[in-house]
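Positions 11 to 325 (the working numbering) are the ones given, in order, by the sequence shown.
Each remark here refers to the structure printed beneath this line.
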Amino acid sequence: MKPARSFIFAMGAGLLLLLALQGQASAQTASLTEKINAYVGCINRLSERSYASRRRYFEWVGKDGPTGKERIIYGTYTIYDTSGCRKAVEKANTLEPRDAALEAAASAYADAVGKLEPLLKEADDYYQQQDYKDDKMAKGRAMHPRLVAAWDAFAAADASLRNGVEAINDRRAAESLAEVEQKEGRKAAYHFHALMINAKRVLRTETSDKPDIAAITQAVAAFEELVKGAEEFSGDGPGKIGSSLISSAKSFLVTSKQLMRRIRDKVPYSSGDQMMMGGAGAWMVEGSPARLLRDYNQMVDSYNRDRNSGGFNGR
11 MKPARSFIFA MGAGLLLLLA LQGQASAQTA SLTEKINAYV GCINRLSERS
61 YASRRRYFEW VGKDGPTGKE RIIYGTYTIY DTSGCRKAVE KANTLEPRDA
111 ALEAAASAYA DAVGKLEPLL KEADDYYQQQ DYKDDKMAKG RAMHPRLVAA
161 WDAFAAADAS LRNGVEAIND RRAAESLAEV EQKEGRKAAY HFHALMINAK
211 RVLRTETSDK PDIAAITQAV AAFEELVKGA EEFSGDGPGK IGSSLISSAK
261 SFLVTSKQLM RRIRDKVPYS SGDQMMMGGA GAWMVEGSPA RLLRDYNQMV
311 DSYNRDRNSG GFNGR
């Protein structure tokens, strides 16, 4: 079976969220939250579109570049304006607590995505205006190595910044969840936040370069127990876990079990599934990493809606 992580990168990595679990916020905590939120904002706004542009391009272009003889020429996608991200990173890098490695990763991300933006605009103009009909795809062939290099640089910068952000977020989330449990026990607030922490754990174990079936089994079982516990606190209004999060958590659980079985039992993907997994329809393949990522991102959306509605805001 093709390594799961390659499928994840093919469609773009998952959304990031900053788990708002802090109790009494200190000035330093508030500053760190602002700093991390700036980095997360860049990733959530720009990364998926950047990966989608690469995916779109390679739907019709071979690894050696365009020839002009392709049956269908799609071009590529542009990405959103990157100047806001650069400004946000420059400001965030001055905030306490200072972290040289994380700040360097953020600057590298802003630089890489900033260089990708005009190149994609140039390529989009070229293909949208069908200029390849006038120069026999000469510019398309010349742009190909530049595009590949820009996407590779972006992907490396994206991975580095994500790793740095997630390391901090994981530590803060674990500490704060322990605080919630100590104060309130394993009730609604605990399950609300623990669902997301453990969903990320499942996502990581199942999309590892070298999946460990024992770790996967343990992670999926722990997540299933949390889903069952969370249902006890589901409902409408403050202090309740919304039905949307419960529903998306159940969908994520189903897909995580399907993927676990594929990995454990070495179940190959059909030829039809493999064709779908090479494009935008990858999420439609049951028990695929792309489907797992789609379900995880739906959990993120539901979590953020519930948190921002006031039920667990600031908790």
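For every residue, glycine included, the Cβ atom is placed at its ideal position computed from N, Cα and C.
Because the structure is a prediction, the values reported are computed rather than measured.
Assigned secondary structure, residue 244 (DSSP; H/G/I helix, E/B strand, else coil): strand
Given this structure, state the Cα-to-Cα distance separating residue 284 from residue 228, to the nearest angstrom. 28 Å
Tell me which residue opens and which closes the alpha helix (DSSP H) that residue 84 is part of. Per DSSP, residue 84 belongs to no alpha helix (DSSP H) and is neither H nor E.
Would you kindly work out how many angstroms separate the C-alpha atoms of residue 195 and residue 111, rounded to a whole number? 36 Å
By a C-beta neighbour count over all protein chains shown, 10 Å radius and 16 as the cutoff for buried, is residue 219 buried or exposed? exposed
4-residue-minimum alpha helix (DSSP H) runs that sit fully inside the segment 258-301, ordered along the chain: 281-287
By alpha-carbon positions, which one of 260, 206, 296 ends up nearest to residue 272? 296
Does the segment 71-91 come into contact with the segment 147-157, if we say contact requires no fewer than three beta-carbon pairs (one atom in each stretch) closer than 8 Å? yes
Going by DSSP, name the residue or residues bridged to residue 46. Residue 46 pairs with nothing; no bridge assigned.
When we look at the beta-carbon of residue 5 and count the other beta-carbons within 10 Å, is it buried (16 or more) or exposed? Nothing can be reported for residue 5, as the shown portion of the chain is limited to 11 through 325.
Could you check what DSSP says for residue 306 in three-state terms: helix, strand or coil? helix
Are the CB atoms of residue 103 and residue 116 nearer to each other than 8 Å? yes
Same chain only: Cβ atoms within 6 Å of residue 87, ignoring 5 sequence neighbours per side: 62, 63, 66
Going by other Cβ atoms of all chains shown within 10 Å of its Cβ, with 16 needed for buried, is residue 277 buried or exposed? exposed
Where residue 251 falls: helix, strand or coil (DSSP): strand
Residue 302 and residue 269: beta carbons closer than 8 Å? yes
Which of helix, strand or coil does DSSP assign to residue 155? helix
Selection from 305, 49, 39 that minimises the alpha carbon distance to residue 176: 49
Please classify residue 140: does DSSP put it in a helix, a strand, or coil? coil
Residues in the same chain with beta-carbon distance under 8 Å from residue 208, minus the five sequence neighbours each way, listed in chain order, please. 229, 232, 233, 236
Run the CB neighbour count on residue 223, radius 10 Å, all protein chains shown included, and call it buried at 16 or more, exposed below. exposed
Among 41, 226, 154, 45, which residue has its Cα nearest to the Cα of residue 266? 226
Tell me the residue span of the alpha helix (DSSP H) that contains residue 71. Note, residue 71: premise wrong, no alpha helix (DSSP H); not H, not E.
Would residue 159 be called buried (16 or more neighbouring beta carbons within 10 Å of its own) or exposed? exposed
Closest to residue 317 by C-alpha separation, out of 69, 261, 294, 252, would be which residue? 252
Helix, strand or coil for residue 195 per DSSP? coil
Whole angstroms are fine: how far does the CA of residue 127 sit from the CA of residue 39? 33 Å
Let me know the secondary structure DSSP gives residue 312 once reduced to three states. helix
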